[in-house]
Amino acid sequence: MHTAQNTLLPALKLSVEKARNLSISAERLEVLQVLIDYIQSKVNSSEELVLNFICTHNSRRSQFSQVWAQTAADYFGIPAACYSGGVEVTAFNERAVESIKRSGFRVSKKGDDNPTYFVFHSDDSEPIVAFSKVFDDPINRAARFAAVMTCSHADENCPFIPGTDSRIPVRYEDPKAFDDTPQEAEKYDERSMQIASEMFYVFSQIAISI
Numbered sequence: 001m002h003t004a005q006n007t008l009l010p011a012l013k014l015s016v017e018k019a020r021n022l023s024i025s026a027e028r029l030e031v032l033q034v035l036i037d038y039i040q041s042k043v044n045s046s047e048e049l050v051l052n053f054i055c056t057h058n059s060r061r062s063q064f065s066q067v068w069a070q071t072a073a074d075y076f077g078i079p080a081a082c083y084s085g086g087v088e089v090t091a092f093n094e095r096a097v098e099s100i101k102r103s104g105f106r107v108s109k110k111g112d113d114n115p116t117y118f119v120f121h122s123d124d125s126e127p128i129v130a131f132s133k134v135f136d137d138p139i140n141r142a143a144r145f146a147a148v149m150t151c152s153h154a155d156e157n158c159p160f161i162p163g164t165d166s167r168i169p170v171r172y173e174d175p176k177a178f179d180d181t182p183q184e185a186e187k188y189d190e191r192s193m194q195i196a197s198e199m200f201y202v203f204s205q206i207a208i209s210i
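Numbered according to UniProt numbering, the sequence shown spans residues 1 to 210.
Following this line, the structure appears as structure tokens:
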């Protein structure tokens, strides 16, 4: 579903504008080009586009990536199914949940132990379903997807991921380093905005034939 700019939730619209104004280094653009090329190849061949963002605990960076990638795909009208997973089950970290709330997403919660979060980017959007899970959880597509590796630990310790047709490293620094410090919220928001900036850049580069 295409999400026109003016249908984003108002606070989220401001966050997206902020993210899209952030600069991206030449080094990061090179990293992102691999993901752009993969997405464009799927669009060109009219194949289903499935992205699975993978980090060790599926608690912070991979969750941010799933949420922002799905939002960016919907924003630009690119049909995509964005998921996330890990190699261990923990929980969508509450600090990261609070960060996406501060960005303007509407979030509801179900359950207590590894709760499921329903994340909305507009009033009429389907929710992005977010909870910690292993990368091959049944909710994630099992075949012909890109494994987007968002942390070095998962990238180095998962030498083989079944079902992928591409493995793309797009690594991010872990905001966990700032847990329980005065900089905690600032650093979580900083990482979230970096990921938002890069995911919106990626999907802005995709050409759709009419």
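Every residue, glycine too, gets a C-beta built ideally from N, C-alpha and C.
Test item: CB-CB of residue i and residue j under 7 Å
| i | j | result |
| --- | --- | --- |
| A72 | F203 | yes |
| P175 | R191 | yes |
| L12 | F105 | yes |
| S99 | Y188 | yes |
| K42 | G85 | no |
| S59 | N93 | yes |
| C151 | R95 | no |
| Y75 | A146 | no |
| D208 | Q40 | Note that residue 208 corresponds to Ile in the displayed sequence, not to Asp. No, they are not a contact pair. |
| S118 | S103 | Note that residue 118 corresponds to Phe in the displayed sequence, not to Ser. Cβ atoms of F118 and S103: not closer than 7 Å. |
| H153 | T7 | no |
| N44 | Y83 | no |
Extent of the continuous beta strand (DSSP E) to which residue i belongs
| i | result |
| --- | --- |
| D165 | T164 to P169 |
| A177 | Premise fails: A177 is in no beta strand (DSSP E) and is neither H nor E. |
Boundaries (first-last residue) of the alpha helix (DSSP H) holding residue i
| i | result |
| --- | --- |
| K110 | Where K110 is concerned, there is no enclosing alpha helix (DSSP H), although the beta strand (DSSP E) it sits in stretches over R106 to K110. |
| Y117 | No alpha helix (DSSP H) contains Y117, which is instead part of the beta strand (DSSP E) from T116 to F120. |
| A19 | P10 to R20 |
| A185 | E184 to S204 |
| I36 | A26 to N44 |
| Y75 | R61 to Y75 |
Beta-bridge pairing of residue i - partner residues as DSSP gives them
| i | result |
| --- | --- |
| N52 | Y83 and A147 |
| V129 | F118 |
| V97 | Paired residues: none, contrary to the question. |
| V134 | G86 |
key: Stretch pair the segment 51 to 66 + the segment 4 to 20: three plus CB contacts closer than 8 Å   = With a cut-off of 8 Å, the segment 4 to 20 and the segment 51 to 66 do not count as touching, because too few Cβ pairs lie within range.
ask   = Between the segment 21 to 37 and the segment 79 to 96, do at least 3 Cβ pairs fall closer than 8 Å?
value = Touching, no, given that fewer than three Cβ pairs across the two stretches are closer than 8 Å.
ask   = Between the segment 119 to 131 and the segment 56 to 71, do at least 3 Cβ pairs fall closer than 8 Å?
value = Cβ pair count under 8 Å is three or more, so yes.
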